[in-house]
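Enquirer:
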Amino acid sequence: QRQRAENIQNLIINPGGDIPIPLMSVAEVKILNGPNEIRRVDQDRSAVISANLENISLDQAVENIYNVMESYQLPPGFTYEMSGQNREMETSMRSLTMAMILAVFLVYIVMASQFESFLHPFLILFTIPMAMIGVILTLYILKIPFGITVYIGMITLVGIVVNNAIVLIDYINVLRKRGVEKIQAITQAGSIRLRPILITTSTTVLGLLPMAIGLGEGAEIRTPMAISIIAGLISATFLTLILIPIVYNRFSK
1050 QRQRAENIQN LIINPGGDIP IPLMSVAEVK ILNGPNEIRR VDQDRSAVIS
1100 ANLENISLDQ AVENIYNVME SYQLPPGFTY EMSGQNREME TSMRSLTMAM
1150 ILAVFLVYIV MASQFESFLH PFLILFTIPM AMIGVILTLY ILKIPFGITV
1200 YIGMITLVGI VVNNAIVLID YINVLRKRGV EKIQAITQAG SIRLRPILIT
1250 TSTTVLGLLP MAIGLGEGAE IRTPMAISII AGLISATFLT LILIPIVYNR
1300 FSK
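Under my numbering, the first residue of the sequence shown carries the number 1050, and numbering increases by one thereafter.
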């Protein structure tokens, strides 16, 4: 009885009544498009539009969607929000940001207890922004999108790049305890610790090289992390040899 619109018009709406009343007497039946389901999100009636990415990064896709949606004048009471992978990415980025802050804090606390000073660990932390300079430039040149794996690589750099500055400043302090004048101690420590610093950086870079090249399955996930670590290490190493002695001479007594 409900296969055709004409049949629906003839449905009796008062079964058992003295005078049968068909539906077409009180209503007009039309064939129109309608939702095949009613979806609610947080008790609000919602429509979900989904799509897969192809030849575009998630950040770029989200930016394009926002640009398009901002050009529309939505009716009163209508809103929109991004969900799916974008929401998961935002949640992951917040968690990784907290991990980055915690990593920097723990590195500072460990160095402060080791050096028994609050100044020298602070000077050593100058290597972290030096590493980030190399990471940002490399990502821009190679057009690598900033993702979770890159962020993990940056967190890893926090614990790695400080090693060179620790080696350098520790030896400067040793020479100064021996009575060497500050400028001479900085110069002598730089020349003596140059080889260990370069060797340590070279071994780490060579160890990450196969991952950066993209050998093996799943390399597209690991490659950005390896490239960011290598770029940050190289940048921090060369800038450490130049900037850390300058900063030490400026702020250390």
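Note that beta-carbon positions come from the ideal geometry of N, C-alpha and C, so glycine has one too.
What does a CB cutoff of less than 7 Å around S1284 pick up in its chain, not counting 5 residues either side in sequence?
Expert: Closer than 7 Å at the Cβ level, and outside the excluded window around S1284, lie M1179, A1180, I1182 and G1183.
Enquirer: Does the beta-carbon distance from A1261 to I1248 come in below 7 Å?
Expert: In this structure, I1248 does not lie closer than 7 Å to A1261 by Cβ.
Enquirer: Which whole-angstrom value describes the C-beta separation of I1221 and I1232, a residue pair presumed to lie in contact below a C-beta threshold of 8 Å?
Expert: Contact flag wrong, Cβ pair sits at about 10 Å.
Enquirer: Could you spell out where the alpha helix (DSSP H) holding V1184 opens and where it closes?
Expert: Residues T1176 to L1191.
Enquirer: For R1271, which residues of its own chain have a beta-carbon under 6 Å away from its beta-carbon, when the five flanking residues on both sides are left out?
Expert: M1260.
Enquirer: If you measure between the beta carbons of F1175 and V1296, is that distance less than 7 Å?
Expert: For F1175 and V1296, yes; Cβs fall inside 7 Å.
Enquirer: Where does I1278 land, buried or exposed, given buried means 16+ other C-beta within 10 angstroms?
Expert: Flag for I1278 reads buried.
Enquirer: To the nearest angstrom, how far is it from the Cα of D1093 to the Cα of F1127?
Expert: The straight-line gap from Cα to Cα measures roughly 10 Å.
Enquirer: Tell me whether the beta-carbon of N1059 lies closer than 7 Å to the beta-carbon of I1070.
Expert: The answer is no: Cβ separation not under 7 Å.
Enquirer: Measure how close the beta-carbons of I1215 and A1152 come, nearest whole angstrom, since I'm counting them as under 8 Å.
Expert: No, I1215 and A1152 are not in contact; Cβ-Cβ is about 15 Å, not under 8 Å.
Enquirer: With 16 other CB atoms within 10 Å as the buried threshold, where does L1206 fall?
Expert: Buried, because 16 or more other Cβ atoms sit within 10 Å of the Cβ of L1206.
Enquirer: Give the straight-line distance between the Cα atoms of T1140 and P1245, rounded to the nearest whole angstrom.
Expert: The alpha-carbon atoms of T1140 and P1245 are separated by roughly 40 Å.
Enquirer: Using DSSP bridges, identify the partner residues of R1244.
Expert: Partner(s): none; R1244 has no beta bridge.
Enquirer: Alpha carbon to alpha carbon, how far is Q1237 from F1300?
Expert: If you take the alpha carbons of Q1237 and F1300, they lie about 19 Å apart.
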